[in-house]
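Novice: The sequence shown maps to residues 1108 to 1335 in this note's numbering. Just so it is clear, CB atoms sit at the ideal spot from N, CA and C, and this is done for glycine as well. Right, I'll just put the structure down here and ask away after.
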Amino acid sequence: MTTDATSPAPTGPAAGAAERPNPSGNPRSLTDRIVWVDCEMTGLERHDVLVEIAALVTDFELNVLGEGVQVVIRPEDLGVLEELNPVVRRMHTDSGLLEEIEHGVSAAEAERLVMEYVRTWVPEAGKAPLAGNSIATDRRFIAAEMPELDAFLHYRLIDVSSIKELSRRWYPRAWFNAPEKAGGHRALADIRESIAELAYYREAVFVAAPGPSTDEAREVAARHALGS
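What follows is the structure, given as structure tokens:
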């Protein structure tokens, strides 16, 4: 099992968040939180299973709260590891995950550890959306193997991949110059990269805060209202 209870404390705006329930001081930080999850699987088919999950919670400004959690999962049937396709086997071998799986915990125990961390920062169910890259795939595996976590999260998703795809079409220079990824297909590192990606696109392509005035927003809405 690997958990990030002993990982280095977050840096930058998130530093000290583990000791403060509201690190930004903004009341919205308590209500607009986001649960970031990344999973590693034996593949993407219906018969595949989770072998690692990590979670981080951020406030609405993308400040990371706490140190997160990362857990290696031992499948009930280790025989599934013999059926890995060559690409997945190479990926999990290169990352070091494959050799850790045998010593992992059950999916139920992994869910308990993730829920323990998430509830520290998101005490109320149904409030925080799930975020990540191509996160609908992760959500499908979570729903199948971690129903309590699935039910705890809001049904809406924040998919950084969608923003990347739109930026590629509308703001190609921003897309081309996005930060390079080097997470190495380990769950917690991949989450941190997803958060950094969203922070980049927020600054590179989104309207700068505080955004349009009410009148400006209404004017734009009127131009795009169907039937107007």
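What are the start and end residues of the alpha helix (DSSP H) that includes residue 1139?
Specialist: Here residue 1139 corresponds to residue number 32 of the sequence shown, with the count starting at 1. No alpha helix (DSSP H) holds residue 1139; DSSP gives it neither H nor E.
Novice: Quickly, what does DSSP pair residue 1266 with across the bridge? List them, please.
Specialist: Looking up residue 1266 in the sequence shown gives position 159. The partner list for residue 1266 (beta bridge, DSSP) reads 1239.
Novice: Just verifying my parser: in three-state terms, what is the DSSP assignment at residue 1175?
Specialist: What you label residue 1175 is simply residue 68 of the sequence shown in a count that begins at 1. Residue state, collapsed to three classes: strand.
Novice: Kindly indicate the opening and closing residues of the beta strand (DSSP E) around residue 1164.
Specialist: Here residue 1164 corresponds to residue number 57 of the sequence shown, with the count starting at 1. Counting along the chain, the beta strand (DSSP E) containing residue 1164 begins and ends at 1157-1165.
Novice: Evaluate the contact criterion for the segment 1270-1278 versus the segment 1229-1238: three or more CB pairs, one atom per stretch, below 8 Å.
Specialist: These segments do not touch.
Novice: Which of the three DSSP states, helix, strand or coil, is assigned to residue 1314?
Specialist: Position 207 of the sequence shown, counted from the start, is the residue given in the question as residue 1314. Three-state result, residue 1314: coil.
Novice: In angstroms with no decimal places, state the Cα-to-Cα distance between residue 1126 and residue 1314.
Specialist: Position 19 of the sequence shown, counted from the start, is the residue given in the question as residue 1126. Position 207 of the sequence shown, counted from the start, is the residue given in the question as residue 1314. Bear in mind that the predicted position of residue 1126 carries a pLDDT of just 43, short of 50, making it too unreliable to give a figure here.
Novice: Enumerate, from N- to C-terminal direction, the unbroken alpha helix (DSSP H) stretches of 4 or more residues contained entirely within the segment 1187-1247.
Specialist: List check, alpha helix (DSSP H) in window: 1193-1202, 1205-1208 and 1214-1228.
Novice: Using the three-state DSSP reduction, which class does residue 1272 fall into: helix, strand or coil?
Specialist: As a position in the sequence shown, residue 1272 is number 165, starting the count at 1. Three-state DSSP puts residue 1272 in a helix.
Novice: Label residue 1284 either buried or exposed according to how many other C-beta atoms from any shown protein chain fall within 10 Å of its C-beta, with 16 as the threshold for buried.
Specialist: Taking the first residue of the sequence shown as position 1, residue 1284 is located at position 177. Counting Cβ neighbours within 10 Å, residue 1284 comes out exposed, since fewer than 16 surround it.
Novice: Since residue 1279 is in the alpha helix (DSSP H), which residue starts that stretch and which ends it?
Specialist: As a working note, residue 1279 is residue 172 in the sequence shown. Residue 1279 -> alpha helix (DSSP H) spans 1279-1283.
Novice: Would a check of beta-carbon distances place residue 1176 closer than 7 Å to chain B?
Specialist: The displayed structure is made up of one protein chain only, and chain B is not part of it.
Novice: What first and last residue would you give for the alpha helix (DSSP H) that runs through residue 1323?
Specialist: Within the sequence shown, numbered from 1, the residue matching residue 1323 stands at position 216. 1321-1331 is the span of the alpha helix (DSSP H), which, as asked, contains residue 1323.
Novice: Measuring straight from C-alpha to C-alpha, what distance separates residue 1150 and residue 1327?
Specialist: What you label residue 1150 is simply residue 43 of the sequence shown in a count that begins at 1. What you label residue 1327 is simply residue 220 of the sequence shown in a count that begins at 1. Each residue's Cα considered, the two are about 44 Å apart.
Novice: Distance, Cα to Cα, residue 1255 vs residue 1334?
Specialist: Along the sequence shown, one-based indexing puts residue 1255 at 148. Along the sequence shown, one-based indexing puts residue 1334 at 227. Approximately 43 Å, taken between the alpha carbons.
Novice: How would you call residue 1297, buried or exposed, if buried means at least 16 neighbouring beta carbons within 10 angstroms?
Specialist: The count along the sequence shown starts at 1 and reaches residue 1297 at position 190. Looking at its Cβ environment, which holds 16 or more other Cβ atoms inside 10 Å, residue 1297 is buried.
Novice: Determine the burial state of residue 1266: buried for a count of at least 16 other Cβ atoms within 10 Å of its Cβ, exposed for fewer.
Specialist: Along the sequence shown, one-based indexing puts residue 1266 at 159. Residue 1266 comes out buried.
Novice: What residues in its chain sit with their C-beta under 8 Å from that of residue 1286, if we drop five residues either side in the sequence?
Specialist: Here residue 1286 corresponds to residue number 179 of the sequence shown, with the count starting at 1. So the qualifying residues of the chain are 1300, 1303, 1304 and 1307.
Novice: Which same chain residues, not among the five before or five after residue 1319, have their C-beta less than 6 Å away from its C-beta?
Specialist: As a working note, residue 1319 is residue 212 in the sequence shown. Counting only Cβ-Cβ distances below 6 Å, and skipping sequence neighbours, we find nothing.
Novice: Less than 7 Å between the C-beta atoms of residue 1160 and residue 1294, yes or no?
Specialist: Locating residue 1160 in the sequence shown gives position 53, where the first residue counts as 1. Locating residue 1294 in the sequence shown gives position 187, where the first residue counts as 1. Yes, the pair counts as a contact, with Cβ atoms nearer than the cut-off.
Novice: Whose C-beta lies closer than 6 Å to the C-beta of residue 1291 among residues of the same chain, with five residues either side of it excluded?
Specialist: As a working note, residue 1291 is residue 184 in the sequence shown. The answer, listed in chain order, is 1202.
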